[in-house]
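Q: In the order they appear, the protein sequences are chains A and B.
Heads up, the first sequence is in the numbering used here, so the first residue is 639 and it goes up one at a time.
Heads up, the second sequence is in the numbering used here, so the first residue is 57 and it goes up one at a time.
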Amino acid sequence: MDSISYYLQTALNGILAGCIYALFAMGLTLIYGVLNFVNFAHGELIMWGAYFLFLFMGEPFGLPLYAAIPPALALTGCLGVAMDFSVFRPLRWANRLTLLIAAMGLSVFLRNAAQFFWGAEVRTYGLEVSAGTRFFGLYLTMPQMAIILVTLLCVGAVYLLFFRSRLGKSMRALSDNLDLARISGIDTKRAILAAWVISAVLAAIGGILLALDTNLSPEMGIINLIKAFAATLIGGVGNLWGALLGGLLIGLAENLGVLFISPGYKDGIAFVIMVIILLARPYVIVGERSD
Amino acid sequence: MDLLLHLAVVVAIYSIFALSLNVEIGYTGLFNFGHVAFFAIGAYTSALLTLSGAPFAVGLLAGLAAAGVCGYLLSIPALKLQGDYFGIATLGFGEILRMVVSNEVWLTKGPMGLPGIPRPEILGFIFDTLPAYLALSACMALTTFAILAFVVLSPFGRALKAVRDDETAAEILGKNALRFKIKSFVIGSTFAGLAGVLWAHYTTFISPGDFTLTETILVLLIVVMGGKGTLPGPVLGAVALIFFQESVRFLRLPPEWTRLLGPLQQMVFGLLLVVLMVFRPEGIIRERGGRHGD
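1) Counting only Cβ-Cβ distances shorter than 7 Å, please list the residues of the region 713-736 of chain A near chain B, keeping chain order.
2) Between the beta-carbon of Leu142 (chain B) and the beta-carbon of Leu86 (chain B), is there less than 8 Å?
3) When you compare only the Cα positions, how much space is there between Leu735 (chain A) and Val79 (chain B)?
4) Whole beta strand (DSSP E) runs in the region 725-779 of chain A with 3 or more residues, listed along the chain?
5) Could you spell out the range, first to last residue, of the alpha helix (DSSP H) harbouring Arg820 (chain A)?
6) So, with DSSP's three-state summary, where would you put Leu170 (chain B)?
7) Taking CB distances under 8 Å as the criterion, tell me whether Leu887 (chain A) reaches chain B.
8) Kindly give me the distance between the Cβ atoms of Gly119 (chain B) and Gly249 (chain B), rounded to whole angstroms, as I take these residues to be in contact under 8 Å.
9) Got a sec: which bits of the region 316-328 of chain B sit with their beta carbon under 9 Å from any beta carbon on chain A, in order along the chain?
10) Could you please give me the residues that DSSP links to Phe181 (chain B) through a beta bridge?
11) Between the Cα of Leu209 (chain B) and those of B:Ala233, B:Glu160, B:Phe241, B:Gly285, spot the shortest distance and give me the residue it belongs to.
12) For Pro337 (chain B), return the contacting residues in chain A, with the cut-off set at a CB-CB distance below 9 Å.
13) So, for Val922 (chain A): in the same chain, excluding its five sequence neighbours on each side, which residues have a beta-carbon less than 7 Å away from its beta-carbon?
14) Which chain A residues are close to Ile144 (chain B), counting only those with a beta carbon under 9 Å from its beta carbon?
15) Nearest to Val46 (chain B) by CA position, among B:Lys239, B:Pro167, B:Leu204, B:Ala202, is which residue?
16) DSSP three-state call for Ile911 (chain A): helix, strand or coil?
17) Hey, quick one: how far does the alpha helix (DSSP H) through Phe867 (chain A) stretch, first residue to last?
18) In three-state terms, what does DSSP make of Ser928 (chain A)?
19) For Glu312 (chain B), report the span of its alpha helix (DSSP H) as first-last.
20) Mind checking which residues open and close the alpha helix (DSSP H) that includes Ile341 (chain B)?
21) Ala202 (chain B): buried (16+ other C-beta within 10 angstroms of its C-beta) or exposed?
22) Could you list which residues in chain B have their beta carbon closer than 8 Å to that of Ser900 (chain A), in chain order?
23) Just to confirm, are Arg834 (chain A) and Leu748 (chain A) a CB contact at a threshold of 8 Å?
24) Out of B:Gly139, B:Phe112, B:Ser131, B:Val161, which one is the CA nearest neighbour of Leu917 (chain A)?
25) Buried or exposed, going by whether 16 or more other CB atoms sit within 10 Å of the CB of Arg154 (chain B)?
26) What residue range is occupied by the uninterrupted alpha helix (DSSP H) comprising Leu848 (chain A)?
27) Using beta-carbon positions only, say whether Ser745 (chain A) and Ala849 (chain A) come within less than 8 Å of one another.
28) Just list the residues that DSSP pairs Leu683 (chain A) with in beta bridges.
29) Are any of the Cβ atoms in chain B nearer than 8 Å to that of Phe909 (chain A)?
30) Report the CB separation of Phe694 (chain A) from Leu683 (chain A) in whole angstroms; it is logged as a contact under 8 Å.
31) Is Lys807 (chain A) helix, strand or coil by DSSP?
32) Could you confirm whether any beta carbon from chain A is found closer than 8 Å to the beta carbon of Lys165 (chain B)?
33) What are the residues in the region 644-657 of chain A lying within 7 Å of chain B by C-beta distance?
34) Taking the C-alpha atoms as reference points, what is the distance between Met333 (chain B) and Ala740 (chain A)?
35) In this structure, how does DSSP classify Leu854 (chain A) when only helix, strand and coil are distinguished?
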């Protein structure tokens with residue numbers, strides 16, 4: 639392979655990774671926007687989404703991939719709602735430290751619950767590995783094509799939901815000002831519930847895509863949480879399109895960065911970018927939220 | 057008997073670790089989720105120096121200094137962040153540090169770890185028995201307790217609490233909040249380094265696997281369960297949780313259970329954190345005059 643197509647292939651891999659980070663970051667930033675806290679357990683939604691699919695594809699269900707995805711997404715959505723009902727709703731007006739430690743505890747609990755049931759080992763869905771298809775000298779496998787298509791679909795769906803529906807409007811209102819939204823007669827409970835479902839389903843979709851392309855392990859959530867967070871910081875916290883852009887940038891930077899530094903540090907690139915952004919200014923590319 | 061002595065040594069080391077986190081999280085309200093990084097820096101610095109022939113005292117002081125300096129360097133970008141963001145930045149730092157330790161094989165031997173770390177030797181006396189090591193770590197824990205008690209009860213400590221409770225008000229009263237936070241973070245990091253040094257010379261073997269997020273969670277749980285923002289809280293938490301954790305390890309269980317025991321124990325810890333936060337966020341010992349549940 640000549641060097642130009644090698645760089646292009648690396649950039650493509652970066653975009654693929656970036657699509658997945660964008661899905662994680664959009665869910666994280668959505669909950670931040672509506673409830674004003676960083677959900678430390680967001681990574682566990684990513685991981686459980688992937689494991690729910692593993693559950694439905696294995697014994698005793700034995701469903702094929704396409705049939706196992708809907709129940710896996712539905713269950714992750716339920717898990718998101720359950721998190722809110724059991725932990726975050728009772729703490730809605732608690733101080734930040736309390737909320738954050740609770741989220742941390744929840745994350746530890748869920749991560750180890752997955753390890754308890756499925757073990758710490760790295761797993762795959764056991765699908766047949768298909769050879770990549772060649773496009774203009776670049777290789778793309780089936781799961782990778784799915785990553786691009788599904789991300790585009792998700793972004794379209796999020797756009798329609800947030801900017802073209804009543805529910806989306808109420809979520810944006812909450813994100814601007816919770817108290818004001820409530821006294822304006824917006825059904826805040828419904829909007830918060832919807833935010834959790836969307837955040838969890840986006841996490842699950844991203845987790846499943848990642849697991850299809852690579853593999854699954856109980857640690858996959860926490861690693862990606864840091865990247866999703868770096869992506870939201872780049873984009874301006876609470877900003878959906880910023881999260882999308884930030885995710886793509888992190889993916890590109892990671893994959894292109896490995897051309898210059900040891901691959902052992904790949905997972906650290908997002909953190910370094912985060913520090914650089916912080917040293918410069920907390921919100922860069924898309925701009926600050928109005929509050 | 058040996059088991060009890062072992063437990064006492066671990067309690068002493070974790071008390072230091074927890075007391076150091078308490079300065080940050082309890083007294084200053086800094087959400088440090090990467091505290092284990094400074095424990096690791098202390099452990100690796102002292103281990104590497106003593107393995108290459110330096111005396112224990114040098115390793116100890118270098119370990120403290122390295123942890124403190126790294127704390128200072130991290131605090132400059134990280135303290136630009138408030139609350140949750142600071143939490144994620146420190147969490148990321150913890151992961152990065154483990155990555156460095158795993159990858160810089162020329163220095164740290166990477167995942168193979170450092171075996172044969174010498175027992176401490178001070179003025180010709182070698183602390184190579186359990187009672188001797190207990191005496192050493194108990195002395196260190198008492199010294200730490202005394203120093204940190206002095207710090208948090210002083211006007212400086214009251215200023216930290218003021219910054220925690222209302223940063224704007226503290227600024228208006230002429231306190232430079234950022235400077236207080238940096239000092240608090242450096243103090244916390246330095247004493248975490250001390251705990252790390254003691255840990256390395258106690259187990260005599262360290263590897264990157266000893267310094268994961270799990271350790272941060274344990275020490276966080278120790279602090280919030282015992283009572284953050286109080287002096288005896290972290291010690292009480294350390295006694296309770298270390299006894300729980302280490303005694304489980306000595307139960308004679310069938311081997312097929314032990315694989316499940318680790319995750320199960322972590323599930324209990326995670327659940328404890330959640331339940332505490334929902335029902336008693338102040339922990340066992342309540343901070344006097346502090347603000348709660350607001």
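All C-beta atoms in this analysis are idealised placements derived from N, C-alpha and C, irrespective of residue type, glycine included.
A: By the coordinates alone:
1) The residues in question are Val725, Pro728, Leu729, Ala732, Asn733, Arg734, Leu735, Thr736.
2) Residue identity differs from the one stated: residue 142 (chain B) is Phe in this sequence, not Leu. Yes, Cβ-Cβ distance for Phe142 (chain B) and Leu86 (chain B) is below 8 Å.
3) Taking the straight line from one Cα to the other gives about 14 Å.
4) 771-773, 776-778
5) Counting along the chain, the unbroken alpha helix (DSSP H) around Arg820 (chain A) starts and ends at 816-821.
6) strand
7) no
8) 5 Å
9) Leu316, Gly318, Pro319, Leu320, Gln321, Gln322, Met323, Val324, Phe325, Gly326, Leu327, Leu328
10) B:Ile178
11) When only C-alpha atoms are compared, the closest one is B:Gly285.
12) Leu729, Ala732, Asn733, Leu735, Thr736, Ile739, Ala740
13) With a pLDDT of 36 at Val922 (chain A), under the threshold of 50, the modelled position of that residue is not reliable, and the figure given next carries that caveat. Ile872, Ile915.
14) Val676, Phe678, Leu863, Ile864, Phe867, Ala868, Leu871, Met912
15) Given a span of 57 to 350 for chain B in the structure shown, any question on residue 46 (chain B) remains unanswerable.
16) helix
17) 858-873
18) Since pLDDT at Ser928 (chain A) reaches only 36, below the 50 mark, its modelled position is unreliable, and the value read off the structure follows with that caveat. DSSP, reduced to helix, strand and coil, places Ser928 (chain A) outside both helices and strands of the structure shown, so it counts as coil.
19) 311-335
20) Note, Ile341 (chain B): premise wrong, no alpha helix (DSSP H); not H, not E.
21) exposed
22) Asn159
23) The sequence shown places Trp at residue 834 (chain A), not Arg. It is not a contact, given that the beta carbons lie outside the stated cut-off.
24) Checking every option, the nearest Cα to that of Leu917 (chain A) belongs to B:Ser131.
25) buried
26) 826-851
27) no
28) DSSP, once it has assigned bridges, lists no residue as partnering Leu683 (chain A).
29) It does: the Cβ of Phe909 (chain A) has a partner Cβ on chain B nearer than 8 Å.
30) Wrong, their Cβ atoms sit about 17 Å apart, outside the cutoff.
31) helix
32) Lys165 (chain B) does not count as touching chain A.
33) Taking 7 Å as the Cβ-Cβ cut-off, the region 644-657 of chain A has no residue approaching chain B.
34) 6 Å
35) The answer is strand: DSSP assigns Leu854 (chain A) an E or B state.
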